[in-house]
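There are 2 protein chains.
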Amino acid sequence: MDIIEKRLLTTNWFTELRNKICQEFEKIEQEYATANPIKFSYKKWTRPGGGGGEMGMMKGKVFEKVGVNISTVHGEFSEEAQKKIPGCENNPNFWASGISLVAHMHSPLVPAIHLNTRFINTTKNWFGGGTDLNPAIEDKDDIEKFHQTLKVCCDKYNLAYYPKYKKWCDEYFFIKHRNVSRGAGGIFYDYLDSGSFTNDFAFTQDVGKSFLQIYPELIRKHMHRKYSEADKHEQLIKRGLYAEFNLLYDRGTKFGLMTEGNVEAILMSLPPLAKWS
Amino acid sequence: MDIIEKRLLTTNWFTELRNKICQEFEKIEQEYATANPIKFSYKKWTRPGGGGGEMGMMKGKVFEKVGVNISTVHGEFSEEAQKKIPGCENNPNFWASGISLVAHMHSPLVPAIHLNTRFINTTKNWFGGGTDLNPAIEDKDDIEKFHQTLKVCCDKYNLAYYPKYKKWCDEYFFIKHRNVSRGAGGIFYDYLDSGSFTNDFAFTQDVGKSFLQIYPELIRKHMHRKYSEADKHEQLIKRGLYAEFNLLYDRGTKFGLMTEGNVEAILMSLPPLAKWS
Chain B
25 MDIIEKRLLT TNWFTELRNK ICQEFEKIEQ EYATANPIKF SYKKWTRPGG
75 GGGEMGMMKG KVFEKVGVNI STVHGEFSEE AQKKIPGCEN NPNFWASGIS
125 LVAHMHSPLV PAIHLNTRFI NTTKNWFGGG TDLNPAIEDK DDIEKFHQTL
175 KVCCDKYNLA YYPKYKKWCD EYFFIKHRNV SRGAGGIFYD YLDSGSFTND
225 FAFTQDVGKS FLQIYPELIR KHMHRKYSEA DKHEQLIKRG LYAEFNLLYD
275 RGTKFGLMTE GNVEAILMSL PPLAKWS
Chain C
25 MDIIEKRLLT TNWFTELRNK ICQEFEKIEQ EYATANPIKF SYKKWTRPGG
75 GGGEMGMMKG KVFEKVGVNI STVHGEFSEE AQKKIPGCEN NPNFWASGIS
125 LVAHMHSPLV PAIHLNTRFI NTTKNWFGGG TDLNPAIEDK DDIEKFHQTL
175 KVCCDKYNLA YYPKYKKWCD EYFFIKHRNV SRGAGGIFYD YLDSGSFTND
225 FAFTQDVGKS FLQIYPELIR KHMHRKYSEA DKHEQLIKRG LYAEFNLLYD
275 RGTKFGLMTE GNVEAILMSL PPLAKWS
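Going line by line, the protein sequences match chains B and C.
Per my numbering, residue 25 is the first one in the first sequence, and the count goes up by one each step.
Per my numbering, residue 25 is the first one in the second sequence, and the count goes up by one each step.
Here it is, written out as structure tokens:
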């Protein structure tokens with residue numbers, strides 16, 4: 025399979041996954057309040073250096089703010105970026121496609137979530153991504169089920185994946201200066217090139233499917249439950265930490281701003297409302 | 025005058041200024057609501073590598089959240105920091121003392137503000153600092169008066185200061201990726217060593233005095249005015265930008281985290297509540 029075909033397959037998948045997710049999220053909004061159900065609105069953007077993407081955003085009654093973005097960009101890395109990204113030491117050309125999602129929910133009992141998967145080409149080609157749960161009020165069963173779903177997904181491909189990617193996630197989403205985790209973990213992987221594009225792509229697709237299997241279930245489980253003002257306060261404080269992490273540490277944010285991606289799309293991850301004590 | 029005496033004079037001044045500011049802010053709270061006036065609470069901290077500081081924080085009826093911090097720290101810079109800070113290429117020792125203040129107000133009609141002045145010693149010694157106004161709803165007269173006060177302060181020392189430091193402020197507080205300014209400007213100066221410690225210290229003291237002259241006046245002018253929900257929304261969006269700037273770009277934040285300063289004190293600048301659309 026040549027690289028052009030791989031690019032076509034992956035971009036098609038990211039679009040398909042986006043469509044499935046947005047459809048499911050709209051369905052949840054409709055279940056919650058059948059009158060005037062809210063839909064995603066979409067906005068296309070192009071990148072001056074090459075490529076572009078589409079932002080999807082919904083502000084509903086269950087989803088306080090959810091952004092689902094797909095993008096396929098290409099061009100030349102800046103010298104600064106060249107030093108940091110594998111396979112472009114002597115060749116600045118890159119191509120990247122992916123999906124990125126952040127959901128901030130009205131109810132503090134419904135966990136926030138982040139999903140991102142991508143296929144990147146320099147002189148090397150690799151997959152990366154992951155998903156992690158960000159509950160304000162932790163529910164042990166939710167967290168266990170979330171991790172279990174990801175374990176099943178990983179174990180199909182390689183028994184080493186789950187422990188490795190879970191650990192990577194814990195390390196990546198750790199807010200060093202606060203000495204706390206951003207959330208309840210999940211998986212995080214990068215530079216995945218096992219030698220089989222077919223396997224790595226199937227795994228990346230499975231991460232998206234696992235997300236679709238578990239997250240809507242968690243939303244439906246909690247979305248009708250009553251919550252207190254103290255719960256909401258807790259959620260807003262957690263969101264402050266979330267914003268702090270994304271602006272201070274997140275590689276996706278830095279990669280996006282560094283490659284002159286669409287600022288609105290990159291910063292869509294920021295919470296609709298957040299508190300710092 | 026030897027360096028020990030200079031250090032004593034500057035740290036004493038930063039403490040004196042802190043006391044004057046906190047006293048004035050408490051007075052404003054008392055004027056606004058005479059019953060149960062709110063006071064600052066103080067918290068001392070020590071830095072493992074040497075020195076420490078004191079945080080002052082008040083959550084009142086006029087001030088939604090105001091932090092006034094003083095600190096005097098010393099030790100050795102990390103190799104990373106050594107490359108970035110003048111005068112320590114071949115000697116990692118540093119000493120730094122300063123005051124830092126951020127006020128986020130309940131009323132969106134009262135501008136938020138930031139003040140910071142500092143005296144830093146490596147193998148070189150210099151003053152730095154500034155103050156800038158961050159209104160949610162811009163009032164032309166406020167902004168003019170604020171800039172005028174700073175101009176009078178600067179002009180006493182050097183006619184080149186005001187245009188230079190105003191420009192530096194505009195450039196420094198510009199949020200590149202959004203293509204907007206964080207606020208309505210003010211002055212920003214750094215590496216100030218005119219050859220006369222006496223003059224530079226007097227100027228730095230005058231920046232603090234000018235702050236005390238103008239900001240309480242602006243608060244009193246607006247604090248009793250009625251505002252709309254739309255005004256409050258505008259303020260929360262501006263605060264999102266404020267947090268974005270501080271976490272992505274602010275040198276003080278980076279310097280603090282890099283030198284293992286007190287995280288609570290460093291991030292006290294973050295707004296009590298903020299919105300991202």
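Each residue gets a CB set at the ideal place from its N, CA and C atoms; glycine is no exception.
Just to confirm the assignment, what range does the beta strand (DSSP E) spanning residue i have?
i, result
"LEU297 (chain B)", "297-299"
"ASP156 (chain C)", "149-158"
"ASP214 (chain B)", "210-216"
"TYR12 (chain B)", "Residue numbering for chain B in the displayed model covers 25 to 301; residue 12 (chain B) lies beyond these limits and cannot be assessed."
"SER124 (chain B)", "117-129"
"VAL86 (chain B)", "It is not in any beta strand (DSSP E) - VAL86 (chain B) carries neither H nor E in the DSSP assignment."
"THR141 (chain C)", "136-145"
"GLU78 (chain C)", "75-82"
Nearest to residue i by CA position, among the options, is which residue?
i, options, result
"ALA208 (chain B)", "B:TYR215, B:GLU253, B:LEU216 and B:TYR196", "B:TYR196"
"TYR185 (chain C)", "C:GLY276, C:ASP224, C:LYS51 and C:PHE269", "C:ASP224"
"LEU265 (chain B)", "C:LYS63, C:LYS278 and C:PRO295", "C:PRO295"
"GLU29 (chain B)", "B:GLN47, B:PHE221, B:LYS107 and B:LEU174", "B:PHE221"
"LYS44 (chain C)", "C:GLN229, C:PRO110 and C:GLY74", "C:GLN229"
"ASP26 (chain C)", "C:ASN149, C:LYS188 and C:LYS83", "C:ASN149"
"LEU242 (chain B)", "B:PRO159, B:ALA105 and B:GLY280", "B:PRO159"
"SER124 (chain B)", "B:GLY75, B:LYS245 and B:LEU41", "B:LEU41"
"GLY280 (chain C)", "C:GLU103, C:ARG206, C:VAL97 and C:CYS46", "C:VAL97"
"PRO135 (chain B)", "B:ASP217, B:LYS51 and B:PRO240", "B:PRO240"
"MET282 (chain B)", "B:LYS107, B:ARG31, B:GLU55 and B:TRP69", "B:LYS107"
"LYS245 (chain B)", "B:ASN36, B:THR70, B:SER301 and B:TYR56", "B:TYR56"
"LYS190 (chain C)", "C:ARG275, C:LEU174 and C:ASP217", "C:LEU174"
"TYR66 (chain C)", "C:LYS188, C:ALA59, C:ASN60 and C:GLU78", "C:GLU78"
"SER252 (chain B)", "B:ILE161, B:VAL204, B:CYS46 and B:ARG206", "B:ILE161"
"ILE137 (chain B)", "B:TRP37, B:THR58 and B:ARG206", "B:ARG206"
At what residues does the alpha helix (DSSP H) containing residue i begin and finish?
i, result
"GLY276 (chain B)", "275-282"
"LYS67 (chain C)", "Element bounds for LYS67 (chain C): not the alpha helix (DSSP H) but the beta strand (DSSP E), 65-70."
"HIS257 (chain C)", "253-272"
"ARG244 (chain C)", "221-246"
"GLU290 (chain B)", "The sequence shown places Ile at residue 290 (chain B), not Glu. Where ILE290 (chain B) is concerned, the enclosing alpha helix (DSSP H) stretches over 287-290."
"ILE167 (chain B)", "164-179"
"ALA184 (chain C)", "No alpha helix (DSSP H) holds ALA184 (chain C); DSSP gives it neither H nor E."
"ALA105 (chain B)", "103-108"
Using 8 angstroms as the threshold, is the C-beta distance between residue i and residue j below it?
i, j, result
"GLY285 (chain B)", "SER95 (chain B)", "yes"
"GLY154 (chain C)", "PHE212 (chain C)", "yes"
"HIS201 (chain B)", "VAL287 (chain C)", "yes"
"GLU93 (chain C)", "MET292 (chain C)", "In the sequence under discussion, the amino acid at residue 93 (chain C) is Asn, which differs from the Glu named in the question. A contact, by the Cβ cut-off of 8 angstroms."
"PHE118 (chain B)", "ASN145 (chain B)", "yes"
"TYR181 (chain C)", "PHE143 (chain C)", "no"
"GLY210 (chain C)", "PHE151 (chain C)", "no"
"LYS299 (chain B)", "LEU297 (chain C)", "yes"
"GLN81 (chain B)", "LYS63 (chain B)", "Per the sequence shown, the amino acid found at residue 81 (chain B) is Met instead of Gln. For MET81 (chain B) and LYS63 (chain B), no; Cβs fall outside 8 angstroms."
"GLY99 (chain C)", "GLY76 (chain C)", "no"
"PRO116 (chain C)", "TYR215 (chain C)", "no"
"TRP69 (chain C)", "ALA289 (chain C)", "yes"
"PRO61 (chain C)", "GLU48 (chain C)", "no"
"THR147 (chain C)", "CYS193 (chain C)", "no"
"GLU104 (chain C)", "GLY84 (chain C)", "no"
Just to make sure I have the definition right: I need the residues of chain B whose C-beta is within less than 8 angstroms of the C-beta of residue i. Which are they?
i, result
"ALA160 (chain C)", "The contacting residues do not exist; ALA160 (chain C) stays about 16 angstroms from chain B at best."
"LEU125 (chain C)", "Within chain B, no residue comes near LEU125 (chain C); the closest Cβ sits about 16 angstroms away, beyond 8 angstroms."
Can you pull the chain C neighbours of residue i, defined as C-beta to C-beta under 9 angstroms?
i, result
"GLY75 (chain B)", "Going along chain C, no residue has its Cβ under 9 angstroms from GLY75 (chain B), so there is no contact; the nearest lies around 18 angstroms."
"GLY84 (chain B)", "Chain C residues near GLY84 (chain B): none, gap ~15 angstroms exceeds 9 angstroms."
"LEU265 (chain B)", "Those within 9 angstroms of LEU265 (chain B) in chain C number zero; the least Cβ separation is about 10 angstroms."
"ILE281 (chain B)", "Correcting the residue type first, residue 281 (chain B) is Leu in the shown sequence and not Ile. Correct list: LYS200, HIS201 and LEU272."
Output, in chain order, the set of chain C residues within a Cβ distance shorter than 7 angstroms of residue i.
i, result
"ALA298 (chain B)", "ALA298"
"GLU302 (chain B)", "Because residue 302 (chain B) is not part of the residues shown, which for chain B are 25 to 301, the question remains open."
"ARG202 (chain B)", "VAL287"
Starting from residue i, find everything on chain C with Cβ-Cβ shorter than 8 angstroms and list it in chain order.
i, result
"PRO72 (chain B)", "What PRO72 (chain B) touches in chain C: nothing, since even the nearest Cβ is about 14 angstroms away."
"PRO295 (chain B)", "TRP300"
Which residues in chain B sit within 9 angstroms of residue i, going by Cβ to Cβ distance?
i, result
"LEU242 (chain C)", "The premise fails here: LEU242 (chain C) is roughly 24 angstroms from chain B at the closest Cβ pair, so nothing lies under 9 angstroms."
message = For the stretch 128-135 of chain C against the stretch 76-95 of chain C, do three or more pairs of beta-carbon atoms, one drawn from each stretch, fall closer than 8 angstroms, so that the two count as touching?
response = yes
key: Cβ contact check for the stretch 253-267 of chain B and the stretch 163-170 of chain B: 3 or more pairs under 8 angstroms   = no
key: Stretch-stretch touch, CB-based, cutoff 8 angstroms, three pairs: the stretch 229-240 of chain C with the stretch 138-155 of chain C   = yes
query = Are the stretch 268-277 of chain C and the stretch 270-279 of chain B touching by the rule of at least three beta carbon pairs closer than 8 angstroms?
reply = yes
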